[in-house]
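Participant: One structure is given below, represented as structure tokens, and several questions about it will come after.
Protein chains: 4
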Amino acid sequence: MQIAVIGAGECSDGICEAAETIGYLIAANGATLICGGLGGVMEAACRGAKEAGGMTVGIIPGLDDGNRHLDVVIRTGLGHARNVLIVQSADAVIAVGGGYGTLSEIAVALKIGKPVLGHLTWDIEDVFKCITPEEAVLTAVRAARL
Amino acid sequence: MQIAVIGAGECSDGICEAAETIGYLIAANGATLICGGLGGVMEAACRGAKEAGGMTVGIIPGLDDGNRHLDVVIRTGLGHARNVLIVQSADAVIAVGGGYGTLSEIAVALKIGKPVLGHLTWDIEDVFKCITPEEAVLTAVRAARL
Amino acid sequence: MQIAVIGAGECSDGICEAAETIGYLIAANGATLICGGLGGVMEAACRGAKEAGGMTVGIIPGLDDGNRHLDVVIRTGLGHARNVLIVQSADAVIAVGGGYGTLSEIAVALKIGKPVLGHLTWDIEDVFKCITPEEAVLTAVRAARL
Amino acid sequence: MQIAVIGAGECSDGICEAAETIGYLIAANGATLICGGLGGVMEAACRGAKEAGGMTVGIIPGLDDGNRHLDVVIRTGLGHARNVLIVQSADAVIAVGGGYGTLSEIAVALKIGKPVLGHLTWDIEDVFKCITPEEAVLTAVRAARL
Chain A
667 MQIAVIGAGE CSDGICEAAE TIGYLIAANG ATLICGGLGG VMEAACRGAK
717 EAGGMTVGII PGLDDGNRHL DVVIRTGLGH ARNVLIVQSA DAVIAVGGGY
767 GTLSEIAVAL KIGKPVLGHL TWDIEDVFKC ITPEEAVLTA VRAARL
Chain B
667 MQIAVIGAGE CSDGICEAAE TIGYLIAANG ATLICGGLGG VMEAACRGAK
717 EAGGMTVGII PGLDDGNRHL DVVIRTGLGH ARNVLIVQSA DAVIAVGGGY
767 GTLSEIAVAL KIGKPVLGHL TWDIEDVFKC ITPEEAVLTA VRAARL
Chain C
667 MQIAVIGAGE CSDGICEAAE TIGYLIAANG ATLICGGLGG VMEAACRGAK
717 EAGGMTVGII PGLDDGNRHL DVVIRTGLGH ARNVLIVQSA DAVIAVGGGY
767 GTLSEIAVAL KIGKPVLGHL TWDIEDVFKC ITPEEAVLTA VRAARL
Chain D
667 MQIAVIGAGE CSDGICEAAE TIGYLIAANG ATLICGGLGG VMEAACRGAK
717 EAGGMTVGII PGLDDGNRHL DVVIRTGLGH ARNVLIVQSA DAVIAVGGGY
767 GTLSEIAVAL KIGKPVLGHL TWDIEDVFKC ITPEEAVLTA VRAARL
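Below you can see the structure in the form of structure tokens.
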């Protein structure tokens with residue numbers, strides 16, 4: 667099972683903490699974490715996943731190594747087009763906070779029918795709002811199994 | 667000057683008519699129309715641009731020929747990732763109606779700082795709302811010149 | 667009809683002159699020139715096509731404006747992955763000189779069954795060797811019509 | 667360390683056996699196997715890597731699940747453009763047999779300066795020819811460490 671965490675490359679302490687907890691719980695549930703491989707929400711989620719001994723995959727926009735918590739680095743060199751690969755590769759998508767990049771990922775995910783769980787993120791009709799990180803991961807795991 | 671028209675592959679009569687007028691006015695202003703090259707809003711805009719003797723470019727997701735009003739066909743084979751190329755190639759973006767695919771294009775355009783004009787589309791803070799097709803094209807042309 | 671000219675971003679006087687003649691003849695035959703939009707062979711071919719009053723399309727790897735002879739600029743932001751879009755968009759491909767980038771384009775073109783004409787380029791079995799620019803364009807136009 | 671194995675989606679018994687041995691040795695050396703995730707050489711290399719308890723990543727052209735030996739599936743939906751992502755993500759590339767798709771990957775790898783080891787593949791100047799699978803993996807691991 668592959669679960670994506672999407673969010674901005676910079677984040678407030680609260681959002682970062684939520685992302686780290688989400689990453690931890692994804693790994694604790696035996697799923698692989700997929701993300702954009704950079705800083706902010708992405709790095710926090712990876713750090714959490716590694717604390718739980720999980721596997722992390724970064725689909726990065728450039729040709730570098732991404733953040734230091736990645737087990738697998740996909741160097742796409744595609745710039746913003748790499749956002750599409752993240753949601754396509756996921757069985758469920760969790761959005762945490764986020765700006766326009768995150769909105770573009772939410773939109774593509776909904777376009778292709780992936781379940782999208784949202785925690786403190788854009789208010790879009792088909793995004794399932796989750797009050798806590800725990801609820802987001804639990805719902806994502808259930809949705810990914812369907 | 668390259669102006670993109672984004673919108674869904676199927677559309678109501680009202681949306682299609684607006685898209686056709688927008689395409690016509692883009693060409694009448696001497697700009698090249700960039701679009702996703704398929705049906706609905708994209709085809710209507712192309713039809714309008716060709717009525718005004720303009721140039722049309724379709725950046726299509728597959729490897730086919732797109733709609734029959736295209737002067738230039740870019741066969742990306744990239745699927746949904748081709749949305750990013752449309753907004754990156756445009757000096758200004760006009761969104762007409764639209765679903766989640768259009769939302770993803772609006773989001774990427776705002777992320778990279780392109781001016782986005784909206785006519786009967788998603789209500790997003792940085793999208794400049796235009797009541798008529800004429801206002802949308804006039805504002806897009808002005809923004810593209812900046 | 668869309669004909670691609672592929673070749674390196676820097677070239678000797680002889681290769682550049684050949685590319686310019688090829689661009690001129692593509693336009694003179696009423697076809698649209700597709701290329702990678704940068705310097706060297708690409709720029710020479712575009713200059714030739716504009717001398718003949720033709721249309722030029724640059725599918726560029728970055729987000730800039732490409733060379734100054736482009737009528738249409740597709741800002742892919744895809745880096746090397748944009749090579750694939752060039753050959754997919756062409757009805758026939760003419761390779762002039764070239765290094766490993768050109769070889770990758772020849773290989774993708776042959777993989778997807780596009781006719782490839784070669785002038786002073788890689789010696790690959792399915793590339794049709796042309797002694798002169800005139801022969802290359804004439805053969806490309808015929809192949810593109812099939 | 668990430669090592670890519672590239673080759674055709676269908677292969678003879680001899681080529682498949684070589685690819686399986688190469689995959690096994692990559693995993694035995696503690697490296698992650700990157701490949702295109704489909705059948706033939708790709709599947710054989712993955713099978714080998716899993717026999718050695720290694721990790722396998724498939725960067726697939728479509729939106730499906732790829733072969734059944736993949737630990738991580740990147741659903742690019744990019745078609746042939748995904749070839750570029752495979753070689754960019756690798757620290758060294760091993761080509762086994764192969765047709766024009768493989769040639770395009772070799773060319774991109776050489777263009778961007780990745781070490782390319784070849785076993786029973788295209789005869790290109792900068793590809794380091796290896797007589798045995800063992801030699802190919804040993805040399806790839808050394809090159810990836812530089």
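Chains as they are written, first to last, in this note's numbering: chain A, 667 to 812; chain B, 667 to 812; chain C, 667 to 812; chain D, 667 to 812. Don't be surprised by glycine CBs; every beta carbon is placed ideally from N, CA and C.
1. May I have a chain-ordered list of the beta strand (DSSP E) segments no shorter than 3 residues that lie completely inside the stretch 701 to 773 of chain B?
2. Give me the subset of the stretch 743 to 769 of chain D whose CB atoms are less than 8 angstroms from a CB atom of chain B, sorted by chain position.
3. With DSSP as the reference, label LYS780(A) as helix, strand or coil.
4. Closer than 8 angstroms is the cut-off here; do at least three beta carbon pairs connect the stretch 718 to 727 of chain A with the stretch 731 to 740 of chain C?
5. Would you check if the distance between the CB atom of CYS701(C) and the CB atom of ALA747(C) is smaller than 8 angstroms?
6. Could you tell me whether the stretch 799 to 811 of chain A touches the stretch 676 to 695 of chain B, where touching means 3 or more Cβ pairs closer than 8 angstroms?
7. Select from the stretch 706 to 735 of chain D all residues with a C-beta closer than 9 angstroms to any C-beta belonging to chain A, and list them in chain order.
8. Taking 8 angstroms as the threshold (C-beta atoms), are MET708(A) and GLY763(A) in contact?
9. Decide yes or no for the touch test of the stretch 759 to 776 of chain A against the stretch 762 to 778 of chain B: beta carbon pairs closer than 8 angstroms, at least 3 of them.
10. Note the first and the last residue of the continuous alpha helix (DSSP H) segment covering ALA674(B).
11. Is there a C-beta anywhere in chain A that falls below 8 angstroms from the one on LEU786(B)?
12. Would the beta-carbon of ALA809(B) fall within 8 angstroms of that of PRO781(B)?
13. Can you name, in chain order, every residue of its own chain whose Cβ lies under 6 angstroms from the Cβ of MET721(A), other than the five neighbours on each side?
14. Are there 16 or more other CB atoms within 10 angstroms of the CB of ASP757(D), so buried, or fewer, so exposed?
15. Going along chain D, which residues have a C-beta under 7 angstroms from ALA643(C)?
16. Measure from the alpha carbon of PRO799(A) to the alpha carbon of each residue in GLU717(A), GLY705(A), GLY784(A), GLN668(A), then state which is nearest.
17. Using a C-beta to C-beta distance shorter than 7 angstroms, which residues of chain B count as neighbours of ARG808(C)?
18. Quick check: what's the CA-CA separation for LEU704(D) versus GLU717(C)?
19. Can you find the residues in the same chain that come closer than 7 angstroms, C-beta to C-beta, to GLN668(A), ignoring five residues on each side of it along the sequence?
20. For chain A, is any of its Cβ atoms less than 8 angstroms away from the one on ILE700(B)?
21. Excluding sequence positions up to five away, which residues of its chain have a Cβ less than 8 angstroms from the Cβ of LEU744(B)?
22. Pick helix, strand or coil for THR698(D), following the three-state DSSP scheme.
23. How big is the Cα-Cα spacing for ILE790(A) and GLY779(A)?
24. Note down the Cα distance separating VAL793(B) from ARG713(B), rounded to an integer number of angstroms.
25. Which term fits GLU676(C), buried or exposed, when burial requires 16 or more other beta carbons within 10 angstroms of its beta carbon?
26. Beta-carbon of LYS658(A) versus every beta-carbon of chain B: anything under 8 angstroms?
27. Show which residues of chain C have a CB atom less than 9 angstroms away from the CB atom of ILE692(B).
28. Run down chain C in chain order and give the residues with a C-beta less than 7 angstroms from the C-beta of VAL738(B).
29. Applying the criterion that 16 or more other CB atoms from any shown protein chain within 10 Å of the CB defines a buried residue, is LEU812(D) buried or exposed?
30. What does LEU776(C) reach in chain D if we use C-beta pairs closer than 7 angstroms?
31. Where does ILE681(B) land, buried or exposed, given buried means 16+ other C-beta within 10 angstroms?
32. For ARG811(A), decide whether its Cβ has a neighbour in chain D, counting only Cβ atoms nearer than 8 angstroms.
33. Can you tell me the Cα-Cα spacing of GLU686(D) and VAL739(B), whole angstroms?
34. Using CA coordinates, which residue listed in ARG741(A), CYS796(A), GLY765(A) is at the minimum distance from SER678(A)?
Facilitator: This is what the structure holds:
1. Runs of the beta strand (DSSP E) inside the stretch 701 to 773 of chain B: 722 to 726, 738 to 741, 758 to 762.
2. Of all residues in the stretch 743 to 769 of chain D, only GLY743, LEU744, GLY745, HIS746, ALA747 place a beta-carbon less than 8 angstroms from a beta-carbon of chain B.
3. Taking the first residue of the first sequence as position 1, residue 780(A) is located at position 114. Here LYS780(A) sits in coil by DSSP.
4. In this structure the stretch 718 to 727 of chain A does not lie against the stretch 731 to 740 of chain C, because fewer than three pairs of beta carbons, one per stretch, are closer than 8 angstroms.
5. Start at 1 with the first residue of the third sequence, and residue 701(C) comes out as number 35. Start at 1 with the first residue of the third sequence, and residue 747(C) comes out as number 81. Going by C-beta atoms, CYS701(C) is not nearer than 8 angstroms to ALA747(C).
6. With a cut-off of 8 angstroms, the stretch 676 to 695 of chain B and the stretch 799 to 811 of chain A do not count as touching, because too few Cβ pairs lie within range.
7. Those residues of the stretch 706 to 735 of chain D that come within reach of chain A (Cβ to Cβ, closer than 9 angstroms) are MET721, VAL723, ILE725, LEU729.
8. Locating residue 763(A) in the first sequence gives position 97, counting from the first residue. Locating residue 708(A) in the first sequence gives position 42, counting from the first residue. Their beta carbons are not under 8 angstroms apart, which means GLY763(A) does not touch MET708(A) by this criterion.
9. As far as the Cβ criterion goes, the stretch 759 to 776 of chain A touches the stretch 762 to 778 of chain B, which means the pair count is three or higher.
10. Along the second sequence, one-based indexing puts residue 674(B) at 8. Where ALA674(B) is concerned, there is no enclosing alpha helix (DSSP H), given that its DSSP letter is neither H nor E.
11. Stepping through the second sequence from its first residue, residue 786(B) is reached at position 120. Not closer than 8 angstroms to any Cβ of chain A, the Cβ of LEU786(B) fails to qualify, so no.
12. Looking up residue 809(B) in the second sequence gives position 143. Looking up residue 781(B) in the second sequence gives position 115. PRO781(B) sits close to ALA809(B), with the two beta carbons spaced by under 8 angstroms.
13. Counted from its first residue, the first sequence places residue 721(A) at position 55. Excluding residues within five positions, the ones whose Cβ falls inside 6 angstroms are THR698, ASP737.
14. For the purposes of this step, residue 757(D) is identified with residue 91 of the fourth sequence, where counting begins at 1. Buried, by the Cβ-count rule.
15. A question about residue 643(C) goes unanswered here, because the residues of chain C that appear run from 667 up to 812.
16. Position 133 of the first sequence, counted from the first residue, corresponds to residue 799(A). Closest by alpha carbon: GLY784(A).
17. Position 142 of the third sequence, counted from the first residue, corresponds to residue 808(C). Ordered by position in chain B, no residue passes the 7 angstroms Cβ test against ARG808(C), which lies about 20 angstroms from the chain.
18. Position 38 of the fourth sequence, counted from the start, is the residue given in the question as residue 704(D). Position 51 of the third sequence, counted from the start, is the residue given in the question as residue 717(C). Each residue's alpha carbon lies about 46 angstroms from the other.
19. Stepping through the first sequence from its first residue, residue 668(A) is reached at position 2. Taken in chain order, the residues that qualify are ALA697, THR698, ILE700, SER755, ALA756, ASP757.
20. As a working mapping, residue 700(B) is identified with position 34 in the second sequence. For ILE700(B), no Cβ of chain A is located within less than 8 angstroms of the residue's own Cβ.
21. Taking the first residue of the second sequence as position 1, residue 744(B) is located at position 78. Only PRO727, LEU751 meet the Cβ criterion.
22. The residue labelled residue 698(D) in the question sits at position 32 within the fourth sequence. THR698(D): strand per DSSP, three-state reduction.
23. The residue you call residue 790(A) lines up with position 124 of the first sequence. The residue you call residue 779(A) lines up with position 113 of the first sequence. When rounded, the separation of the alpha-carbon atoms in ILE790(A) and GLY779(A) is 14 angstroms.
24. By 1-based counting over the second sequence, the position of residue 793(B) is 127. By 1-based counting over the second sequence, the position of residue 713(B) is 47. Using only the alpha carbons, I get a separation of about 25 angstroms.
25. Counting from 1 along the third sequence, the entry for residue 676(C) is found at position 10. Exposed: under 16 other Cβ atoms inside 10 Å.
26. Lying outside 667 to 812, the shown extent of chain A, residue 658(A) is not represented and no answer is given.
27. Counting from one through the second sequence, the residue named residue 692(B) turns up at place 26. For ILE692(B), there are no neighbours in chain C by C-beta distance under 9 angstroms, as the nearest C-beta there is about 14 angstroms away.
28. As a working mapping, residue 738(B) is identified with position 72 in the second sequence. Taking a Cβ-Cβ threshold of 7 angstroms, the residues of chain C close to VAL738(B) are THR698, VAL723, VAL738, in chain order.
29. Sequence index remark: in the fourth sequence, residue 812(D) carries index 146 (1-based). By the neighbour-count rule (16 or more Cβ atoms within 10 Å), LEU812(D) is not buried but exposed.
30. Within the third sequence, residue 776(C) is the residue found at index 110, counting from 1. Within 7 angstroms Cβ-Cβ: TYR766.
31. Counted from its first residue, the second sequence places residue 681(B) at position 15. Buried: at least 16 other Cβ atoms inside 10 Å.
32. Counted from its first residue, the first sequence places residue 811(A) at position 145. So no, ARG811(A) is outside the interface.
33. As a first step, residue 686(D) must be located in the fourth sequence, where it is residue number 20. As a first step, residue 739(B) must be located in the second sequence, where it is residue number 73. Taking the straight line from one Cα to the other gives about 41 angstroms.
34. By 1-based counting over the first sequence, the position of residue 678(A) is 12. The candidate whose alpha carbon is nearest that of SER678(A) is GLY765(A).
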